[in-house]
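Per the working numbering, residue 798 is the first one in the sequence shown, and the count goes up by one each step.
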Amino acid sequence: MILRQITTCAAPATTIATARSRGHDRQVLYRLGVCHRHRWLAQDWPGTRTTAPDGSGRCGTAVDHRTYDGVVQSHIDLWIRPATTQDLPEHGGSAARLLRAAAAWAQQDSRGEHALAVVLGHAATVAEAIEAGSLNIESGRHQVLAALSAAETTDAALRGA
Ligand SMILES: [Zn+2]
């Protein structure tokens, strides 16, 4: 289970988007809560919308039950590709090369996305260490996902969240 926080908003969540697997077991893939003002942030998260019960937690909190590869792909689809034009196939399926290229893109971007370049660069460094075999995979994956979560929050802030 991975915790993502896609806004710095402190308001309580009022809507929950829940996605389930297509299998007969209908396992929960993720739950994302957003407040009324940040409903637009959930627009690219497919799933059933329900009113959040009291105590559902903060706006922007996503509890993600997907695999490591599934969560990385979700980051790519939701914001890395839209923000930096980078995708896995053009980097031979290497998350490290994708993240390094995305960081370089953010660094060169004229809108002053230096903060995004820093966190993407950190994610790339960890992913490179995993691929080089110099970092324990389980520990490294946690570090990549933590960095991507911070980068996702940064990207949402740059988009006005
Ligand atoms: Zn909010």
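Glycine is no exception: its CB is placed at the ideal position from the N, C-alpha and C atoms. This structure is a prediction, so every number in the text was calculated from the model and none was measured.
Through-space distance from residue j to residue i, alpha-carbon basis
i    : j    : result
R863 : L917 : 21 Å
Q840 : G830 : 12 Å
P843 : T922 : 30 Å
G857 : T882 : 24 Å
T811 : H833 : 6 Å
A943 : H821 : 31 Å
Reduced DSSP category for residue i - H, G, I as helix; E, B as strand; rest coil
i    : result
P843 : coil
A814 : strand
R863 : coil
T848 : strand
Q905 : helix
G830 : strand
R855 : strand
Proximity test, residue i beta-carbon vs ligand 1 heavy atom, cut-off 6 Å
i    : result
R834 : yes
A954 : no
A808 : yes
Best match in the options for proximity to residue i [C-alpha to C-alpha]
i    : options                : result
L800 : T848, V868, H835, T812 : V868
D851 : A929, A808, V860, S871 : A808
R836 : A929, T847, L826       : T847
S818 : E887, D861, A849       : D861
Opposing strand residues paired with residue i [DSSP bridges]
i    : result
I799 : D861
L838 : Looking at the DSSP assignment, L838 forms no beta bridge with any residue, so it has no partner.
P886 : Looking at the DSSP assignment, P886 forms no beta bridge with any residue, so it has no partner.
P809 : R855
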